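Colleague:
2 protein chains.
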Amino acid sequence: MTLKLYSMPSSGNSYKVRLLLALMETPYQHIGLEYETEAIAQAHADAVFPLGKMPVLELEDGTRLPESNAILCYLADRSEWLPRDPVTRAQALGWMFWEQNQHEGVIAVRAALLKYASRAHLATPERLAELLDRGHELLALMNSHLEDRKWMAGDRISVADISLYAYTHTAGTYGGFDMSQFPAIDEWLGRIRGLPGYVELDDIPA
Amino acid sequence: MTLKLYSMPSSGNSYKVRLLLALMETPYQHIGLEYETEAIAQAHADAVFPLGKMPVLELEDGTRLPESNAILCYLADRSEWLPRDPVTRAQALGWMFWEQNQHEGVIAVRAALLKYASRAHLATPERLAELLDRGHELLALMNSHLEDRKWMAGDRISVADISLYAYTHTAGTYGGFDMSQFPAIDEWLGRIRGLPGYVELDDIPA
Chain A
0 MTLKLYSMPS
10 SGNSYKVRLL
20 LALMETPYQH
30 IGLEYETEAI
40 AQAHADAVFP
50 LGKMPVLELE
60 DGTRLPESNA
70 ILCYLADRSE
80 WLPRDPVTRA
90 QALGWMFWEQ
100 NQHEGVIAVR
110 AALLKYASRA
120 HLATPERLAE
130 LLDRGHELLA
140 LMNSHLEDRK
150 WMAGDRISVA
160 DISLYAYTHT
170 AGTYGGFDMS
180 QFPAIDEWLG
190 RIRGLPGYVE
200 LDDIPA
Chain B
0 MTLKLYSMPS
10 SGNSYKVRLL
20 LALMETPYQH
30 IGLEYETEAI
40 AQAHADAVFP
50 LGKMPVLELE
60 DGTRLPESNA
70 ILCYLADRSE
80 WLPRDPVTRA
90 QALGWMFWEQ
100 NQHEGVIAVR
110 AALLKYASRA
120 HLATPERLAE
130 LLDRGHELLA
140 LMNSHLEDRK
150 WMAGDRISVA
160 DISLYAYTHT
170 AGTYGGFDMS
180 QFPAIDEWLG
190 RIRGLPGYVE
200 LDDIPA
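Chains as they are written, first to last, in numbering that gives the first Met the number 0: chain A, 0 to 205; chain B, 0 to 205.
#1: Name the residues in the segment 61–72 of chain B whose C-beta lies less than 8 Å from a C-beta of chain A; which are they?
#2: Using a beta-carbon distance below 7 Å, is L32 (chain B) in contact with chain A?
#3: Which residues does DSSP pair with V215 (chain B) in a beta bridge?
#4: Can you find a CB in chain B that lies within less than 7 Å of the CB of Q28 (chain A)?
#5: Thinking C-beta only, is A107 (chain A) closer than 7 Å to Y164 (chain A)?
#6: Any idea if S162 (chain B) is buried or exposed, counting beta-carbon neighbours within 10 angstroms, 16 or more meaning buried?
#7: Cβ closer than 7 Å: which chain B residues qualify as neighbours of Q99 (chain A)?
#8: Once DSSP output is grouped into helix, strand and coil, what is the label at G196 (chain B)?
#9: In angstroms, rounded to a whole number, what distance separates the CA positions of M7 (chain B) and S67 (chain B)?
#10: Taking 7 Å as the cut-off, decide whether the C-beta atoms of P54 (chain B) and V86 (chain B) are in contact.
#11: Label A69 (chain B) either buried or exposed according to how many other C-beta atoms from any shown protein chain fall within 10 Å of its C-beta, with 16 as the threshold for buried.
#12: Using DSSP's beta-bridge definition, name the partner residues of H29 (chain B).
#13: Using a Cβ cut-off of 7 Å (strictly closer), state whether V86 (chain A) contacts chain B.
#14: Quick one: using the 10 Å Cβ neighbour count with 16 as the cut-off for buried, is H102 (chain B) buried or exposed?
#15: Skipping 5 residues on each side, what residues in its chain have a beta carbon closer than 6 Å to that of Q90 (chain B)?
#16: With distances taken Cα to Cα, identify the nearest neighbour of M156 (chain B) among B:A38, B:S78 and B:Y14.
#17: Nearest chain B C-beta to G196 (chain A) closer than 7 Å, yes or no?
#18: Does D154 (chain B) have its Cβ less than 7 Å from a Cβ in chain A?
#19: Which residues, taken in chain order from the segment 179–205 of chain B, show a beta carbon closer than 9 Å to some beta carbon of chain A?
#20: Provide the residue span of the beta strand (DSSP E) that contains E57 (chain A), from first to last.
#21: Could you tell me whether the segment 135–148 of chain A touches the segment 178–192 of chain A, using the rule of 3 or more Cβ pairs below 8 Å?
#22: Between the segment 126–146 of chain B and chain A, which residues of the former have CB atoms less than 8 Å from a CB of the latter, in chain order?
#23: Listing by chain order, which chain B residues have their CB less than 7 Å from the CB of D216 (chain A)?
#24: Quick check on A116 (chain B) - is its C-beta less than 7 Å from some C-beta in chain A?
#25: Would you mind sorting G196 (chain A) into buried or exposed? The rule is 16 or more other CB atoms within 10 Å of its CB.
#26: Taking CB distances under 7 Å as the criterion, tell me whether L92 (chain A) reaches chain B.
#27: Quick one: what does DSSP say L81 (chain A) is sitting in, helix, strand or coil?
#28: Taking the beta strand (DSSP E) that P204 (chain B) belongs to, which residues open and close that run?
#29: With a threshold of 7 Å between beta carbons, is L121 (chain A) in contact with chain B?
#30: What residues of chain B sit near G104 (chain A), judged by a beta carbon separation below 9 Å?
#31: I need the straight-line Cα distance from A42 (chain B) to F48 (chain B), nearest angstrom please.
#32: Thinking C-beta only, is L71 (chain B) closer than 7 Å to V198 (chain B)?
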C-alpha cells in the first residue's frame with residue numbers, strides 16, 4: 000500500500016506535490032489526468048475530487064486530501080520541510096496563502112489565458128496588460144524579500160519555497176513576465192533546480 | 000507587552016482574527032485602519048504590512064505576521080482550535096486554502112463590488128451574474144459538506160470554521176447570494192454565532 004496522487008501533468012499546483020514527493024524520496028502511485036480530456040471529465044462526473052480540483056492525495060485508508068498547499072503541509076509534517084519554529088511556520092504558511100490568494104490568480108492565470116484555446120475569449124489585451132502589471136508587482140515583492148535571504152521562510156528550504164516555485168519558474172516562458180528584472184528570484188530558482196532529486200514539470204512518473 | 004493587531008474594521012479577513020482572539024479570550028491591542036482613508040494610505044506608504052494587506056499580527060518582539068489564515072494557525076497552535084490529528088489538520092488547511100483561492104475571490108469580491116464606489120466600474124451586470132452563479136456553486140459545496148457534520152473539519156470547531164465564517168455569514172446581506180438554498184450552512188452559522196465570547200463583524204475593540 001502506498002500513497003496515490005491524482006495530478007494534472009501540466010498544472011503547477013499538481014507539480015508542487017510531485018516535486019516535494021521527489022525531493023523527500025517518498026514513493027507514490029501516480030494517476031495523471033490532463034486538462035480537457037475525457038478521463039478528467041469522467042473523474043469530475045464520478046466526484047473523485049473532494050473540492051472539484053487536482054491535485055488530490057489518496058492516503059492508504061482511502062481518505063482523499065485536496066488542495067496542493069495543504070497536501071504539502073501534510074507530507075512535510077514532522078520533517079524539516081515544515082518549519083518547527085512557530086513564527087517561521089506562520090511565515091511559511093503566510094507565503095503559501097498569499098500564493099493561493101494573489102500569486103496564482105495572476106501569474107498562473109495569465110499563463111493559462113495564453114495557453115488554453117478554451118480561455119482565449121477571456122484573453123483580451125486589457126486583461127493581459129492588467130495581469131502583466133500586477134504580476135510584475137507580485138514578483139517584485141518576492142524579489143525584494145529574497146534579496147537578503149536564501150529561502151522564503153527561515154534559513155532552510157521549506158514548503159513555502161516549493162509552493163511558490165511551481166508557477167514562478169514558468170512565469171517568464173509561459174506567462175510572458177519579464178524575469179530579467181528579478182535577479183534574486185533567478186538565483187532562488189537556481190538553488191531549487193540544483194537540489195538532489197529535483198524533477199521538472201514535465202518529468203511525469205510512469 | 001501584548002499582541003498588537005492591525006485590522007480593517009469592515010474586512011472579513013480582519014474579522015476572522017478578531018473573532019478567534021475573542022473566542023480564545025486572548026487579550027490584544029487593536030489598531031483599526033479603514034479602507035480608503037488617509038491613515039491606511041500612510042500605513043501603506045510606511046510599508047507597515049509585510050505583504051501589503053491587513054490583517055497583520057505584531058508579536059511582542061516586533062515581528063509582523065501577515066495573512067489572516069496563517070495568523071489563525073499561529074494563534075491556534077497547540078490549542079484545540081488547530082486539529083492535532085494530521086489528517087484532520089490537513090483537511091482544515093485544505094478548506095482554508097480553498098477559502099483564499101476560491102471562496103474569497105467570489106463571495107467577498109461580489110460584496111466589495113456592490114459596496115465600494117471605487118469599484119463600481121468593475122461591477123458590470125455580466126460580472127455580477129457570473130459571480131452570483133459561481134458563488135452559489137461554492138456555497139452548495141459547503142452546504143453539502145455540512146449536511147452530515149457539524150464542523151468543516153473533524154468533530155469540533157477549528158480554524159477552518161472561523162476562516163469560512165467570515166465571508167459566508169454576510170454572503171446574503173452584503174453579497175446578494177440566496178442563502179435560503181443552503182439550510183446546512185444556516186445551521187452551522189447559528190452554531191458559531193451561539194459560541195461563548197462570539198463577537199460581530201462590527202464589534203470593534205476600543
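Glycine is no exception: its CB is placed at the ideal position from the N, C-alpha and C atoms. Fair warning: this is a prediction, and the values are worked out from it, not measured in the lab.
Modeller: Answer, in terms of the structure:
#1: T62, L64, P65, E66, S67, N68, A69, I70 and C72
#2: Taking CB atoms only, L32 (chain B) has no neighbour in chain A less than 7 Å away.
#3: Only positions 0 to 205 of chain B appear in the structure, and residue 215 (chain B) is not among them; the question remains open.
#4: no
#5: no
#6: buried
#7: F96, Q99 and N100
#8: coil
#9: Looking at the two C-alpha atoms, the distance is approximately 12 Å.
#10: no
#11: buried
#12: B:L4
#13: yes
#14: buried
#15: A152
#16: Residue identity check: residue 156 (chain B) is Ile in the sequence provided, not Met. Of the candidates B:A38, B:S78 and B:Y14, the one whose C-alpha sits nearest the C-alpha of I156 (chain B) is B:S78.
#17: no
#18: no
#19: none
#20: V55 to E57
#21: yes
#22: L140
#23: Coverage of chain A is limited to positions 0 through 205, which leaves residue 216 (chain A) absent and any answer about it impossible.
#24: No Cβ of chain A is located within less than 7 Å of the beta carbon of A116 (chain B).
#25: exposed
#26: yes
#27: coil
#28: Segment: none, P204 (chain B) is in no beta strand (DSSP E) and carries neither H nor E.
#29: no
#30: N100 and G104
#31: 8 Å
#32: Cβ atoms of V198 (chain B) and L71 (chain B): not closer than 7 Å.
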